[in-house]
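J.: In terms of the numbering used here, the sequence shown opens at residue 12 and continues consecutively. Ideal placement from N, C-alpha and C gives every residue a C-beta, glycine not left out. Take a look at the following structure, please.
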Amino acid sequence: MGDDAVDEENIVLCCAFCCANCGFYADGDCLGCSGKVGCCCLNCEVCCKPSAPCLPFGCCGPKVECDGCSILNAQLQCCQCVISAALPCNQEVPVAVSVFGATLYPKCGCCVKIGDIRGDGSQYNQEMDR
């Protein structure tokens, strides 16, 4: 997990289309709820998870986060369900196409984790450098 409440590496995609996805946690770190919505580098976050880092005002607050130059981003997590979107896509929300747990792009498979399709981020970083 990075510096936010959701560990994208362990989210199994249920459905995804381009820069929005819905999935579920594949590990035990799903207790609680969290969310964030942002424009450019400024996010407003809420979090009620015991394993998450503290926010400026306890369970909510503003946060500056450079997450790959997304103009808009949003993420909601409640227990095991996670919904994410970003425009354009970023490391937390990679480009993907999935239907009912079957991922068709960028890697074909069933019950594929976001961490498996985004790899180490080198392809994403190369595309951003272009």
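Out of curiosity, what's the CA-to-CA distance linking Gln88 and Ile22?
T.: Position 77 of the sequence shown, counted from the first residue, corresponds to residue 88. Position 11 of the sequence shown, counted from the first residue, corresponds to residue 22. Computed Cα separation, rounded: 11 Å.
J.: Which word fits Glu138, buried or exposed, when buried means at least 16 other C-beta atoms lie within 10 angstroms of its C-beta?
T.: Here residue 138 refers to the residue found at position 127 when the sequence shown is read from its first residue. Any reading at Glu138 needs caution, since the residue's pLDDT is 48, under 50, leaving its predicted position unreliable; the model's value is listed next. Exposed, since its Cβ has fewer than 16 Cβ neighbours within 10 Å.
J.: Could you check whether the Cβ of Pro99 sits closer than 8 Å to any Cβ belonging to chain C?
T.: Within the model displayed, chain C is absent; a lone protein chain is all it includes.
J.: Which term fits Leu24, buried or exposed, when burial requires 16 or more other beta carbons within 10 angstroms of its beta carbon?
T.: For the purposes of this step, residue 24 is taken as the residue at position 13 of the sequence shown. By the C-beta density criterion, Leu24 is buried, having at least 16 other C-beta atoms within 10 angstroms.
J.: If I follow the unbroken alpha helix (DSSP H) through Ile128, where does it start and stop?
T.: As a position in the sequence shown, residue 128 is number 117, starting the count at 1. Looking at the DSSP string, the run of the alpha helix (DSSP H) that includes Ile128 is Ile125 to Arg129.
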